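Residue numbers (our numbering): 491 to 580.
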């Protein structure tokens, strides 16, 4: 092949690659959710989320408030000793 036959494909290849780089731009991550470092003006949202997850200043224990079952007294469960498992750790 001569240089004349390579000029046209080479020109097309250069044009295609330059068009691709013209549309490329830098990607910038901008989080919206303040939990992941978003807008600092959403600090009130963060504070309200933390306050709603703690009760009375952040007690470390976990408790479940069961309903009163319509005022009916519920008996305390009787503890039952489980039998030993043969070959198991005690």
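Beta carbons are placed, not taken as given, at the ideal position from N, Cα and C, and that holds for glycine. Computed from a predicted structure; not experimentally measured.
DSSP, reduced to helix, strand and coil, places residue 540 within a helical segment of the structure shown. Annotated as proximal: residue 528 and residue 520, with beta-carbon spacing under 9 Å. Residue state for residue 518 is assigned as coil, using DSSP reduced to three classes.
Assigned with DSSP and collapsed to three states, residue 530 falls in helix.
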